[in-house]
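Structure record follows, encoded as structure tokens.
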Amino acid sequence: MAVTSQPDVLPPVAVVGAGLVGAGWAIVFARAGYPVRVYDENAKIRDSVMALIAGNLKDLKSFHLIAESPEQVLGRITVQADLAEAMSGVAYVQESVFETVAVKTKVYAALDLAVPPHVPIGSSSSGIPASAFTENCKTRARMMIAHPVNPPYLVPLVELVPAPWTDSNQVDAVFDLMKAVGQEPIRITKEVEGFVLNRLQGALLNEAWALFKEGYASAEDIDKTVAAGLGLRWSFMGPFETIDLNAPAGVADYAQRLGPLYHSVAQSRRDPKAWDPNLIEKVEAERRTHLKAEDLDARRAWRDRRLMALIASKAKAAKDLGS
Ligand SMILES: NC(=O)c1ccc[n+]([C@@H]2O[C@H](COP(=O)([O-])OP(=O)(O)OC[C@H]3O[C@@H](n4cnc5c(N)ncnc54)[C@H](O)[C@@H]3O)[C@@H](O)[C@H]2O)c1
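Structural data, given as structure tokens:
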């Protein structure tokens, strides 16, 4: 792949599926200087995506998170209605269509033919492994998961997960590209449902539902435990480093002191339950007392601005204090 070899004349990359996540990816590549071809099968999405991206770029500019003007970044993005045309001459493809095996299988059959050979294709899939929808592709060795966090232009992590048949050189190439565009890629060595991020998130969510169900705390207070507690540290260090610092002699000391407690907690959850519809109704009702359904979009925009402020302050703290 020649994605990063000619920094002065960057080749186009393509984004397939331009919903929430695809539109976010377009910003990631365009702000790094890549011409971006955006393809979506839905004409309404094609007609509206540029306005959405323009609004996001304006917010990024107001937090000094892009150096160029929003118009300069937007000028690198084109929306295309024809898949083959959109794929011609691209150096990388990021797929972000619906999270179903059926839709992804259909899209990968088309990409197999339309994307120039040896050009890597990363899927934004949140948890379906690439082997579930690339098995029958002739060029499956260049296909893998490149799972972002939403929105990818604010949250940099990307999980790279190969299928058993993915060429490791292709994973290396996508790793380098992700670094080059300012993302934080990690390598998952083999397929596992939910990858790492959603397995960690799932563990927390499953425990949150269980605690709520058993009446230990309101949804609001469980949320507060993360927002005003655990989450503050998690914005700059992970669980292993956290416990390494939370016992005088480090992680082994922590494990000796608190390992038995965590083991006992884990044993109390040996019979995981599906999320119960009645429970979902209760949490939905509690959430709607705090946030009306019609205000969800406004709150999402607020969340993104909070994230922008946090990222700006993290960058300043890393400069002042070191990372
Ligand atoms: N929303 C998140 O928080 C999040 C985070 C990380 C990863 N993802 C993953 O990213 C992917 C996209 O999710 P989203 O939230 O952007 O969904 P979305 O519904 O907002 O967007 C999906 C887009 O794909 C388009 N599409 C569907 N079939 C297509 C086809 N055959 N050809 C071209 N375009 C097609 C749709 O028109 C739609 O615009 C999913 O795999 C999802 O799991 C989502």
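First residue of the sequence shown? That's 32 in my numbering, and the numbers climb one at a time after it. The C-beta atom is built at its ideal place from N, Cα and C for all residues, glycine as well.
Query                                                                                               : Result
Whole-angstrom distance between A112 and M81, CA atom to CA atom                                    : 14 Å
C-beta contact flag for V192 and P160 at 8 Å                                                        : yes
Rounded Cβ spacing between G153 and V205 (contact assumed at less than 8 Å)                         : 6 Å
Sufficient close CB pairs (3 or more, under 8 Å) joining the region 224-232 to the region 291-300   : no
Collapsed DSSP secondary structure at Q214 in the structure displayed                               : coil
Cβ separation of V282 and F271, assumed to be a contact under 8 Å, to the nearest whole Å           : 7 Å
Exposed unless 16 or more other CB atoms sit within 10 angstroms - verdict on F164                  : buried
Top-ranked residue by Cα proximity to R334, from P195, A250, V69 and V186                           : V186
Stretch-stretch touch, CB-based, cutoff 8 Å, three pairs: the region 114-125 with the region 73-92  : no
Straight-line gap, T35 to Q103 (C-alpha atoms, nearest Å)                                           : Note that T35 scores 47 on pLDDT, short of 50, meaning its location in the model is unreliable; the coordinates nonetheless yield the value given after this. Their backbone Cα atoms lie some 21 Å apart in a straight line.
Bridge-paired residues (DSSP) for N178                                                              : Note on identity: in this sequence residue 178 is His, with Asn being the wrong assignment. Bridge partners of H178: E190.
Nearest neighbour of F60, chosen from I76, N73, D71 and L88 [CA to CA]                              : L88
When F267, K323, T273 and T320 are compared against L352, the one with the closest alpha-carbon     : F267
K210 versus P216: straight-line alpha-carbon distance, rounded                                      : 7 Å
Burial state of A33 (16 or more Cβ within 10 Å)                                                     : Any reading at A33 is ruled out, since the residue's pLDDT is 43, under 50, leaving its predicted position unreliable.
R389, enclosing beta strand (DSSP E) - first and last residue                                       : With the chain covering only 32 through 354, there is no way to say anything about residue 389.
C-beta contact flag for A349 and G213 at 8 Å                                                        : no
Where S36 sits in the DSSP three-state scheme                                                       : Since pLDDT at S36 reaches only 46, below the 50 mark, its modelled position is unreliable, and no value is offered.
Selection from G158, G55 and A234 that minimises the alpha carbon distance to I219                  : G158
Among F129, D90, S156 and T170, nearest to L144 - alpha-carbon criterion                            : T170
Those residues which DSSP pairs with T109 across a bridge                                           : R68
Top-ranked residue by Cα proximity to K137, from V47, I253 and I97                                  : V47
Inter-residue Cα distance where the pair is A329 and A85                                            : 17 Å
Coil, strand or helix - A172 by DSSP                                                                : helix
Contact test: P87 Cβ vs ligand 1 heavy atom, cutoff 7 Å                                             : Residue 87 is actually Asn in this sequence, not Pro. Not under cutoff, so the answer is no.
Cβ pair Q201, A172 closer than 8 Å                                                                  : yes
Closer than 7 Å: G225 CB and nearest ligand 1 heavy atom                                            : no
Own chain residues within Cβ distance below 6 Å of P66, not counting five before or after           : P43 and R107
Segments of 3+ residues assigned as beta strand (DSSP E) that fall wholly inside the region 253-278 : none
CB contact flag (V124, L142, <8 Å)                                                                  : yes
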